[in-house]
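Protein chains in written order, with our numbering: chain H, 34 to 248; chain G, 34 to 248; chain U, 34 to 248; chain S, 34 to 248.
A short write-up of the structure that comes next.
Protein chains: 4
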Amino acid sequence: MDDRTPGPAGEQVGKGRVEALSDGVFAIVVTLLVLEIKVPHVQAHDSIASLGHALLALAPKFVSWVISFVTVCVIWLNHHRLFTLIGRLDNGLFWRNANLLLWTSFIPFPTALMGDYPGNRLAVSFYGLVMCLMALGFVALRWHMHRHPDLIQQGVDRGAFRSGTRSSILLGPVAYASGAILAWLSTPAAFICFAAIAASFVRPREPGTRRAAGA
Amino acid sequence: MDDRTPGPAGEQVGKGRVEALSDGVFAIVVTLLVLEIKVPHVQAHDSIASLGHALLALAPKFVSWVISFVTVCVIWLNHHRLFTLIGRLDNGLFWRNANLLLWTSFIPFPTALMGDYPGNRLAVSFYGLVMCLMALGFVALRWHMHRHPDLIQQGVDRGAFRSGTRSSILLGPVAYASGAILAWLSTPAAFICFAAIAASFVRPREPGTRRAAGA
Amino acid sequence: MDDRTPGPAGEQVGKGRVEALSDGVFAIVVTLLVLEIKVPHVQAHDSIASLGHALLALAPKFVSWVISFVTVCVIWLNHHRLFTLIGRLDNGLFWRNANLLLWTSFIPFPTALMGDYPGNRLAVSFYGLVMCLMALGFVALRWHMHRHPDLIQQGVDRGAFRSGTRSSILLGPVAYASGAILAWLSTPAAFICFAAIAASFVRPREPGTRRAAGA
Amino acid sequence: MDDRTPGPAGEQVGKGRVEALSDGVFAIVVTLLVLEIKVPHVQAHDSIASLGHALLALAPKFVSWVISFVTVCVIWLNHHRLFTLIGRLDNGLFWRNANLLLWTSFIPFPTALMGDYPGNRLAVSFYGLVMCLMALGFVALRWHMHRHPDLIQQGVDRGAFRSGTRSSILLGPVAYASGAILAWLSTPAAFICFAAIAASFVRPREPGTRRAAGA
Numbered sequence: 034m035d036d037r038t039p040g041p042a043g044e045q046v047g048k049g050r051v052e053a054l055s056d057g058v059f060a061i062v063v064t065l066l067v068l069e070i071k072v073p074h075v076q077a078h079d080s081i082a083s084l085g086h087a088l089l090a091l092a093p094k095f096v097s098w099v100i101s102f103v104t105v106c107v108i109w110l111n112h113h114r115l116f117t118l119i120g121r122l123d124n125g126l127f128w129r130n131a132n133l134l135l136w137t138s139f140i141p142f143p144t145a146l147m148g149d150y151p152g153n154r155l156a157v158s159f160y161g162l163v164m165c166l167m168a169l170g171f172v173a174l175r176w177h178m179h180r181h182p183d184l185i186q187q188g189v190d191r192g193a194f195r196s197g198t199r200s201s202i203l204l205g206p207v208a209y210a211s212g213a214i215l216a217w218l219s220t221p222a223a224f225i226c227f228a229a230i231a232a233s234f235v236r237p238r239e240p241g242t243r244r245a246a247g248a
Numbered sequence: 034m035d036d037r038t039p040g041p042a043g044e045q046v047g048k049g050r051v052e053a054l055s056d057g058v059f060a061i062v063v064t065l066l067v068l069e070i071k072v073p074h075v076q077a078h079d080s081i082a083s084l085g086h087a088l089l090a091l092a093p094k095f096v097s098w099v100i101s102f103v104t105v106c107v108i109w110l111n112h113h114r115l116f117t118l119i120g121r122l123d124n125g126l127f128w129r130n131a132n133l134l135l136w137t138s139f140i141p142f143p144t145a146l147m148g149d150y151p152g153n154r155l156a157v158s159f160y161g162l163v164m165c166l167m168a169l170g171f172v173a174l175r176w177h178m179h180r181h182p183d184l185i186q187q188g189v190d191r192g193a194f195r196s197g198t199r200s201s202i203l204l205g206p207v208a209y210a211s212g213a214i215l216a217w218l219s220t221p222a223a224f225i226c227f228a229a230i231a232a233s234f235v236r237p238r239e240p241g242t243r244r245a246a247g248a
Numbered sequence: 034m035d036d037r038t039p040g041p042a043g044e045q046v047g048k049g050r051v052e053a054l055s056d057g058v059f060a061i062v063v064t065l066l067v068l069e070i071k072v073p074h075v076q077a078h079d080s081i082a083s084l085g086h087a088l089l090a091l092a093p094k095f096v097s098w099v100i101s102f103v104t105v106c107v108i109w110l111n112h113h114r115l116f117t118l119i120g121r122l123d124n125g126l127f128w129r130n131a132n133l134l135l136w137t138s139f140i141p142f143p144t145a146l147m148g149d150y151p152g153n154r155l156a157v158s159f160y161g162l163v164m165c166l167m168a169l170g171f172v173a174l175r176w177h178m179h180r181h182p183d184l185i186q187q188g189v190d191r192g193a194f195r196s197g198t199r200s201s202i203l204l205g206p207v208a209y210a211s212g213a214i215l216a217w218l219s220t221p222a223a224f225i226c227f228a229a230i231a232a233s234f235v236r237p238r239e240p241g242t243r244r245a246a247g248a
Numbered sequence: 034m035d036d037r038t039p040g041p042a043g044e045q046v047g048k049g050r051v052e053a054l055s056d057g058v059f060a061i062v063v064t065l066l067v068l069e070i071k072v073p074h075v076q077a078h079d080s081i082a083s084l085g086h087a088l089l090a091l092a093p094k095f096v097s098w099v100i101s102f103v104t105v106c107v108i109w110l111n112h113h114r115l116f117t118l119i120g121r122l123d124n125g126l127f128w129r130n131a132n133l134l135l136w137t138s139f140i141p142f143p144t145a146l147m148g149d150y151p152g153n154r155l156a157v158s159f160y161g162l163v164m165c166l167m168a169l170g171f172v173a174l175r176w177h178m179h180r181h182p183d184l185i186q187q188g189v190d191r192g193a194f195r196s197g198t199r200s201s202i203l204l205g206p207v208a209y210a211s212g213a214i215l216a217w218l219s220t221p222a223a224f225i226c227f228a229a230i231a232a233s234f235v236r237p238r239e240p241g242t243r244r245a246a247g248a
C-alpha cells in the first residue's frame, strides 16, 4: 500500500485534489444530514391530526438539521477562503485538513443526537463539543501555515493572516465551548447560541467596505 | 473558524467551486432518493405471490421516487442555465444558493413521506409546500441578480432576464402552491399535478425555434 | 424555477457538467451498494460460530453486491466511451441520459432484493428486468445520436457507430431479458448469467489488436 | 450497453475521469463511515447518566470509525501518489483500480462489524482480512504497471518504482494479515495493530530529507 516513489515533478500532495476531496466530503455531509430525519410511523394512515402531531414532534430534528446545514456551509466557505491563501500543501497540512474533515463528517451524529434528545443537557453539550473540535481543526490548519510561511501563497498580507489566525482562535472554538457550557444551564439557550454562531457568518459583507474598516 | 484575510486576488467566492458544491449536492440527492424505498419483509421467502403483493404495495413509493428524480434533474438543469448567466458570486448569492441547496437536500424526506402516506392530504400537501419553498429559492437567486446587475455575466440580454425572472415567479412557486392546495381536495390530482410540473420541463425544445417564439 | 433566458453563448446544456453529474451518480451508487448489507445481529456477542454462521448467511448479499459493483463499473466505462463520441448535448440527449441515471441509481434496490430473496424467482427476475431497462437507456442514447448526427463528435467513424448501436441493442437488453426469463427456470442460473454479462466486459482488450479484428 | 466504436482520439480510458471516479468513491466512503454509528435509544429522555452510559458503550464504534477514517485517507494519499506515476490507463489498469475501489467501498461493513463485536475474534480478524485484500489491490496495480512499463509516466525513476513495488508487497498486505492473525490471540492487540498501520503513514515527512535517506 506504500507509495514513496518520487513522481516526475517531485510533487507532495496536489492542492486541487485535496480541495476536490474536501468539497466532496462537505457536499455529502450537507446532503446526508436529512437522512437522520426518519419518516414518522402513524397507525391511522389517512389521519391528518396524527401525522400533523408526529411531524410537529420532529420540530427539534428540523431545527438541528437547519443549524448543522448552515454550519457546514460556513465550514465550506471558510475552507474555500483559507485554501485561496495556501500556495502548496505539505504532509502536515494534508493531515490537519483530514482532521477537519473527520470532525465535519462526524456532524450528522451529534445533529441527530441533539435532535432526538433536545432537552438532554449532555446531548446538546456534546454537539457544542464536536463543533469546538471542528473549529480547533481550522486553528490547527492556520497555526501550521503560520509556522511554515513557505506554504502560504505569495502576495498574501502576513499581518492580516496573523490577525485572522488570532480571531480564528477566539471566535470558533471559544464560541462553541461557551455553547457547550451554556447547555448545562439551559438547552434552549445553547440551541440559540449554536444558531447565532452560524448566523453570524451569513450576514452580507460588501466587497471592500467592511473589510477595509475591519481588517 | 473565521477567515477574513484577503486573498491575493481579493476574490469573494469562486463560482466554479460553488457550482461543484451544488452539483455534488444534486448528484447525491438524486441517488439517495432510492434509499427511502426499503426492501419489503416477506415471511414465505420463496413465495412469488407474497413478494409480488409486497412490491405492488410499494407502488406509491416508486411513483414519488420518479417524480422527485425528474424534479431534481429539472432543478439541476435550471441551476446550470442560471449559473451561465452569473458573472461573479457575492455573499448574498452564495447564501441564496445555499438556501436552494437546503430545500433540494430536504427532498428525500417529503418524497418518503408522500410515498408512505399517499392518501394522507397533509403528507401530499407537505410535498408541494417543500417544492414551493425550493422554487422560491430560484426566485430569490434571480431577484438578487436583478437588484445587483453587476453580478450578471456581460452580454446577457437584460430584457430576457427580466421576463425570465417574472415567469420564474409565476411558474415554479405558484404551480407547486396550487398542487399543495389541490392535495386537500384530491391526493391523486396533486400527484398528477407534481408529475405534470416536472414533465413540463422535459419536453424537447429545439435550439432557437421555440425560444425565438417564446421568450 | 424556470430559466429560459438565453446565455451569452446560447449554450444548451454543458457536456462537461452533465458528465460530472453522471460521474457523481455512478460514484455514489457504487459506494451505496454496500450499505444494503447490514451487520448481522447475534445474541452471543463473542461467539465465533454464531457470527460465522450469520456472515455465511449473508453470502447471497455479497454475491449480489459484487455483481452490481462490476455492472456499475461497466456502465461507467460504457458511458465514458459513449460521451467521447458526443460533440454537444441537446435537450433530448440530456433527458435520455437522465433516464439512464434513473435506472442506474435504482440498482441498490433490486440488488438488495435479490440478496435478501436469492431463491425467489420474482426477485431475481426483477433484477434482470431493471438491468434490461438500464441497458435500453444506452440504446435510447445511441438511437437519438443516430437520428441527430450533428450531435456526434467530428471525426467519429459513422459505420463503426452504426454497428456499435446495433450490437448495443443485441447485447445489453437481450442478455438481461434472457437472464430475467432464465430466473423462472433456475435462480442460480440467472445469477451466473448476470455475473457473466458483467464479466464479459472486464476481459482485457489490447489497444488496436482486437478492435481491428472485431469492429 | 456495449460501446466499442473508436473515439476520435482512439483514447482507451481517460485518466482524469478515473481519478475523479476514485476520488468520488473515497470521499463518499470516508463520509458514510459515520452513518454506521446509530444514535442510542434511551428510555429516560432527559437522563444524563443513561445517555452518558449509552454513549460510552459506543466507544468501540468510535475507535473503529477513527481507524477506518484515517485508513481511507491513507488510501486516498497512496492512490493520489500512484496516479502521478501513471502516464495512461489501459483496460487492465482500469479493472485493477475498480478492484481497489471495491474493497475500499466495502470498508463501512467490516468497520461496523468490528465496532459492534469488538471482542469477537472473527469480527476483528475479518476487518484485517478485508484491509489485506484492499492492500493487495495496490500491489496488483503496481504489478500491472511493472509488467507494462509503457503505462508509466515518462521521467519516473524505474529503480525507485521497483523498490516501491517491493515494499508495497511487504508493508500493506503482510501488516494487515499479521493483524488478522493477531486478532485470534488478542482483539485489543489487533485494534492497536490496525491503528498503528494507519498511523505509520501519518507521520510528517519533510520534502527531500527523509526521502533522500530512505528511497
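C-beta: ideal position from N, C-alpha, C; glycine also.
- The Cβ-Cβ distance between residue 66 of chain G and residue 95 of chain G does not fall below 7 Å.
- In this structure, residue 69 of chain U lies near residue 141 of chain U, with their beta-carbon atoms less than 7 Å apart.
- In this structure residue 216 of chain S is in contact with residue 157 of chain S, their Cβ atoms being roughly 4 Å apart against a cut-off of 8 Å.
- Beta-bridge annotation (DSSP): residue 118 of chain U is not paired with any residue.
- Among the residues of chain U, those whose CB is under 8 Å from the CB of residue 61 of chain G are 57 and 61, following chain order.
- At the C-beta level, residue 186 of chain U and residue 125 of chain U stay beyond 7 Å of one another.
- The alpha-carbon separation between residue 183 of chain U and residue 189 of chain U amounts to approximately 11 Å.
- In chain order, 235 make up the part of chain U whose C-beta sits under 7 Å from the C-beta of residue 128 of chain S.
- Along the segment 134-153 of chain U, the positions whose C-beta sits under 8 Å from a C-beta of chain G are 134, 135, 138, 139, 141, 142, 145, 146, 149, 150, 152 and 153, read in chain order.
- In the structure shown, residue 70 of chain S falls within a coil segment according to DSSP collapsed to helix, strand and coil.
- Sequence-distant partners of residue 148 of chain G (beyond 5 residues in either direction) whose C-beta falls short of 6 Å from its own C-beta, in its chain, are 93, 94 and 97.
- Pairing residue 206 of chain U with residue 165 of chain U gives a Cβ-Cβ distance under 7 Å.
- When C-alpha distances from residue 136 of chain S are compared across U:63, U:193 and U:84, the shortest belongs to U:63.
- Residue 56 of chain S sits away from residue 60 of chain H, with the two beta carbons spaced by 7 Å or more.
- Looking at the DSSP output, residue 185 of chain S sits in a beta bridge with S:119.
- In the three-state reduction of the DSSP assignment, residue 46 of chain U falls in the strand class, which pools E and B.
- In this structure, DSSP gives residue 203 of chain H a helical state, which the three-state scheme calls helix.
- The Cβ atoms of residue 91 of chain H and residue 155 of chain G lie no closer than 7 Å to each other.
- By the CB criterion at 7 Å, residue 232 of chain S and residue 100 of chain S fall outside the cutoff.
- When C-beta distances to chain S are compared with 7 Å, the residues of the segment 79-94 of chain U below that value are 79, 81, 84 and 85, in chain order.
- By alpha-carbon distance to residue 115 of chain U, the top candidate from U:224, U:203, U:218 and U:48 is U:48.
- Burial is judged here by how many other beta carbons sit within 10 angstroms of a residue's own beta carbon; residue 203 of chain H has fewer than 16 and is exposed.
- In terms of Cα proximity to residue 145 of chain H, the closest of S:153, S:73, S:226 and S:219 is S:73.
- Around residue 120 of chain S, no beta-carbon contact reaches into chain U at under 7 Å, the shortest distance being about 13 Å.
- If you draw a straight line from the Cα of residue 77 of chain S to the Cα of residue 174 of chain H, it comes to about 40 Å.
- In this structure, the CA atom of residue 112 of chain S is about 32 Å from the CA atom of residue 132 of chain U.
- Take the alpha-carbon of residue 87 of chain H and the one of residue 181 of chain H: they are about 54 Å apart.
- For the pair residue 105 of chain H and residue 226 of chain U, the Cα-to-Cα distance works out to about 45 Å.
- If you look at residue 83 of chain H, you'll find it in the alpha helix (DSSP H) that goes 81-90.
- Within the same chain, and ignoring the five residues on either side of residue 177 of chain G in sequence, the residues whose Cβ sits closer than 7 Å to its Cβ are 125, 126 and 129.
- Around the beta carbon of residue 82 of chain U, fewer than 16 other beta carbons lie within 10 angstroms, which makes this residue exposed.
- The continuous alpha helix (DSSP H) containing residue 157 of chain U extends over residues 154-180.
- By the CB criterion at 7 Å, residue 161 of chain G and residue 197 of chain G fall outside the cutoff.
- Residue contact check for residue 54 of chain H against chain S: a CB pair falls below 7 Å.
- Nearest CB-CB separation between residue 155 of chain G and chain H: below the 7 Å threshold.
- Per DSSP, the continuous alpha helix (DSSP H) segment holding residue 143 of chain H begins and ends at 141-149.
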